[in-house]
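*Asks:* Protein chains in written order, with my numbering: chain X, 120 to 461; chain G, 474 to 736.
Backbone N, C-alpha and C define an ideal beta-carbon position, used for all residues, glycine too.
Dropping a structure here in structure tokens format, bear with me for questions.
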């Protein structure tokens with residue numbers, strides 16, 4: 120975050136340089152001021168939604184308007200409470216500017232779609248249409264999310280484990296490297312989606328074929344980076360362990376794997392990204408469930424609101440998965456310095 | 474019978490067709506409780522010799538005997554303190570020491586005993602307060618103390634020090650040298666130390682082994698340091714024996730075996 124480091128460097132006062140995070144910079148201003156602006160921006164959303172009739176037929180306009188009003192009220196209450204909320208207050212204060220922008224954005228979106236009809240329908244539905252999807256199509260969307268999560272977790276876990284084991288073996292053993300490396304070079308760079316047609320007739324079900332594809336997409340980067348991690352462990356670490364009387368198994372478990380962990384997490388991160396792509400394609404092409412399939416289905420019916428709704432959910436899920444991965448990394452690799460924060 | 478015997482060790486490194494003889498016919502015995510330093514110019518192969526004793530590098534000819542038994546693989550009976558400390562960065566000071574303790578005493582000591590033993594050794598090097606700190610959070614001198622604690626905690630028969638103070642500033646170095654001297658006095662370890670610092674060698678050692686320049690480095694001369702222990706750094710500065718020993722080593726290194734930069 121270059122912006123945050125810039126603001127940090129720029130904050131000086133009489134007593135010398137002090138480290139100030141953006142959160143503190145925001146909370147130093149009267150919290151209520153920002154909070155009330157956020158409240159006003161969301162009231163704006165309500166006002167725009169109720170100001171005039173929609174250009175189309177959307178059933179949840181009123182719900183949307185009152186929902187925005189509830190957000191506005193909540194922002195108002197929190198900003199009055201201010202410092203009394205302690206940590207939660209700081210958390211809120213840090214995000215208030217975003218809340219303002221979000222309100223303004225929603226109001227603008229509402230205005231140019233539902234109220235003025237400047238953007239062509241049905242390609243650009245108004246926010247209340249998405250709200251309608253979340254409220255009325257909850258069952259199908261929820262089932263799709265569950266199906267996607269299940270498929271993703273199964274495939275990713277299998278791929279990560281296989282990648283880890285392969286990476287450690289070829290990083291450690293010369294003969295494993297001799298046999299596995301050429302195979303890895305031959306198969307690895309091939310996009311996992313290229314296997315799609317083959318996979319769907321080789322595997323008994325499209326579900327198992329998809330798991331194979333997701334695992335494949337995950338395993339390649341995990342393998343390569345685990346391998347490179349194990350191969351780049353300083354030999355002095357091994358020397359130390361060997362003078363303690365370490366067996367090869369001890370060296371792998373206590374030295375090679377922990378030392379390779381930073382690389383391994385980069386592999387897991389890249390594998391996660393690759394596997395999302397494969398997941399969506401697999402769901403669109405073969406598996407008749409999941410968010411990819413939901414997107415495909417929505418497009419077939421020209422239900423664009425459903426598509427946007429599904430895209431937002433998908434984005435939250437993918438981002439959530441990466442956040443989770445980074446949380447695990449921060450916990451395991453707190454000894455590593457200067458790492459990127461997600 | 475000698476406690477530790479380096480018996481006619483040769484070491485030849487070969488890369489492709491080229492062979493370089495690093496060590497030639499090294500014979501050295503170390504008695505139990507003795508503090509022996511090996512001094513020589515850089516590149517003379519003294520670290521290779523230490524690695525052979527540690528079992529990290531195999532000798533080409535000859536071998537190493539510890540209490541009459543040949544040792545040709547690394548083991549906890551010969552603990553090494555490395556110049557670059559080599560602590561595992563993901564473990565706390567405590568866990569770095571505990572790694573060796575668990576390995577060596579996993580069967581013979583209970584969990585509580587092992588914990589006490591780790592703490593005892595951290596306290597020996599005055600590092601008990603830093604038990605939860607990771608290597609990146611402590612200074613170079615502190616890291617080296619942890620490295621020494623790790624080595625001591627394995628109760629090795631021989632303690633191998635590979636230029637243990639080389640990377641430290643002068644003040645920290647002096648402080649740590651005093652600590653090592655005190656520990657040697659207290660625990661009676663057998664120590665083999667590599668160094669290129671003449672004062673350090675004379676101050677700490679019972680005997681100084683001077684090596685000729687490589688390739689094919691040999692032991693040029695062995696000097697006894699008949700200074701009584703405990704030794705005090707400041708008192709020795711004007712001590713005639715100390716000065717004579719120092720003079721002797723300097724003459725060996727800078728007159729008879731002047732370091733010639735390899736072309």
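Exposed or buried, residue 491 of chain G, counting other C-beta atoms within 10 Å across all chains shown (16 or more means buried)?
*Replies:* Residue 491 of chain G should be labelled exposed.
*Asks:* Is there a Cβ from chain G that is less than 8 Å from the Cβ of residue 233 of chain X?
*Replies:* For residue 233 of chain X, the answer is no, since every Cβ of chain G falls outside 8 Å of its Cβ.
*Asks:* Which residues in chain X sit within 8 Å of residue 555 of chain G, going by Cβ to Cβ distance?
*Replies:* Residues of chain X passing the Cβ test: 355, 358, 359.
*Asks:* When Cβ atoms are compared, which residues of the segment 366-386 of chain X fall closer than 8 Å to chain G?
*Replies:* Listed by position along the chain: 369, 373, 374, 377, 378, 380.
*Asks:* With burial defined as no fewer than 16 other Cβ atoms inside 10 Å of the residue's Cβ, what is the status of residue 551 of chain G: buried or exposed?
*Replies:* Residue 551 of chain G should be labelled buried.
*Asks:* Check whether the Cβ atoms of residue 231 of chain X and residue 238 of chain X sit closer than 8 Å, and answer yes or no.
*Replies:* Yes, the pair counts as a contact, with Cβ atoms nearer than the cut-off.
*Asks:* Using a C-beta cutoff of 8 Å, does residue 561 of chain G count as contacting chain X?
*Replies:* Output row for residue 561 of chain G: interface = yes.
*Asks:* Can you name, in chain order, every residue of its own chain whose Cβ lies under 6 Å from the Cβ of residue 311 of chain X, other than the five neighbours on each side?
*Replies:* So the qualifying residues of the chain are 332, 335, 336, 397.
*Asks:* Among G/580, G/626, G/585, whose alpha-carbon lies nearest the alpha-carbon of residue 596 of chain G?
*Replies:* Nearest C-alpha to residue 596 of chain G: G/626.
*Asks:* Go ahead and label residue 545 of chain G buried or exposed: buried means 16 or more other beta carbons lie within 10 angstroms of its beta carbon, across all protein chains shown.
*Replies:* Under this definition residue 545 of chain G is an exposed residue.
*Asks:* Would you mind telling me which residues of chain X sit closer than 8 Å to residue 653 of chain G, beta carbon to beta carbon, in chain order?
*Replies:* Residues of chain X passing the Cβ test: none, with the nearest at roughly 18 Å.
*Asks:* Which two residues bound the contiguous beta strand (DSSP E) that contains residue 258 of chain X?
*Replies:* Counting along the chain, residue 258 of chain X falls outside any beta strand (DSSP E), though it belongs to the alpha helix (DSSP H) covering 257-291.
*Asks:* For residue 486 of chain G, which three-state DSSP category applies?
*Replies:* DSSP places residue 486 of chain G in strand when its eight states are reduced to three.
*Asks:* Are residue 629 of chain G and residue 560 of chain G close, meaning C-beta to C-beta below 8 Å?
*Replies:* For residue 629 of chain G and residue 560 of chain G, no; Cβs fall outside 8 Å.
*Asks:* Measuring straight from C-alpha to C-alpha, what distance separates residue 515 of chain G and residue 382 of chain X?
*Replies:* Roughly 35 Å between the two C-alpha positions.
*Asks:* Are the CB atoms of residue 279 of chain X and residue 436 of chain X within a distance shorter than 8 Å?
*Replies:* Cβ atoms of residue 436 of chain X and residue 279 of chain X: not closer than 8 Å.
*Asks:* Going by the DSSP bridge assignment, what does residue 491 of chain G pair with across the sheet?
*Replies:* Bridge partners of residue 491 of chain G: G/488.
*Asks:* Mapping DSSP to helix, strand and coil, what is residue 385 of chain X?
*Replies:* Helix at residue 385 of chain X.
*Asks:* Do you know whose CA, among G/579, G/522, G/534, lies nearest residue 668 of chain G's CA?
*Replies:* Among G/579, G/522, G/534, the Cα nearest to that of residue 668 of chain G belongs to G/522.
*Asks:* Are the segment 523-541 of chain G and the segment 711-724 of chain G touching, with three or more C-beta to C-beta distances below 8 Å?
*Replies:* The segment 523-541 of chain G, when compared against the segment 711-724 of chain G, does not touch it at the 8 Å Cβ threshold.
*Asks:* Please return the same chain residues whose Cβ sits closer than 7 Å to the Cβ of residue 352 of chain X, not counting the five positions on each side in sequence.
*Replies:* Excluding sequence neighbours, residue 352 of chain X sits near 374, 375, 378, 379.
*Asks:* Where does residue 723 of chain G fall in DSSP's three states?
*Replies:* Residue 723 of chain G falls in the helix class under three-state DSSP.
*Asks:* Give the DSSP-derived three-state secondary structure of residue 711 of chain G in the structure shown.
*Replies:* If DSSP states are grouped into helix, strand and coil, residue 711 of chain G belongs with coil.
*Asks:* Please confirm if residue 363 of chain X has its CB atom under 8 Å from at least one CB of chain G.
*Replies:* Output row for residue 363 of chain X: interface = yes.
*Asks:* Comparing alpha-carbon positions, which option in X/217, X/197, X/169, X/403 lies nearest residue 315 of chain X?
*Replies:* When only C-alpha atoms are compared, the closest one is X/403.
*Asks:* Judging by CA-CA distance, which residue of X/247, X/157, X/320 is the nearest neighbour of residue 198 of chain X?
*Replies:* Cα-wise, what sits closest to residue 198 of chain X is X/157.
*Asks:* Please go through the same chain and pick out, in chain order, the residues whose beta-carbon is closer than 8 Å to the beta-carbon of residue 223 of chain X, but skip the five residues on each side of it.
*Replies:* The residues are 160, 163.
*Asks:* Alpha carbon to alpha carbon, what distance is there between residue 527 of chain G and residue 296 of chain X?
*Replies:* Between residue 296 of chain X and residue 527 of chain G, the C-alpha separation is close to 29 Å.
*Asks:* What number of angstroms, rounded off, separates the C-alpha of residue 256 of chain X from the C-alpha of residue 399 of chain X?
*Replies:* Approximately 20 Å, taken between the alpha carbons.
*Asks:* Is residue 604 of chain G helix, strand or coil by DSSP?
*Replies:* The answer is coil: DSSP assigns residue 604 of chain G none of H, G, I, E or B.
*Asks:* Could you round the C-beta distance between residue 344 of chain X and residue 385 of chain X to whole angstroms and report it? I think they count as a contact, below 8 Å.
*Replies:* Right, their Cβ atoms sit about 5 Å apart.
*Asks:* Quickly, what does DSSP pair residue 694 of chain G with across the bridge? List them, please.
*Replies:* DSSP lists G/683 as partners of residue 694 of chain G.
*Asks:* Skipping 5 residues on each side, what residues in its chain have a beta carbon closer than 7 Å to that of residue 791 of chain G?
*Replies:* With chain G covering 474 to 736 only, the question about residue 791 of chain G has no answer from this structure.
*Asks:* Could you work out which residue in X/155, X/340, X/329 is closest to residue 304 of chain X when comparing CA atoms only?
*Replies:* Out of X/155, X/340, X/329, X/340 has the C-alpha closest to the C-alpha of residue 304 of chain X.
*Asks:* For residue 362 of chain X, does the count of other Cβ atoms within 10 angstroms reach 16, so buried, or fall short, so exposed?
*Replies:* By the neighbour-count rule (16 or more Cβ atoms within 10 Å), residue 362 of chain X is buried.
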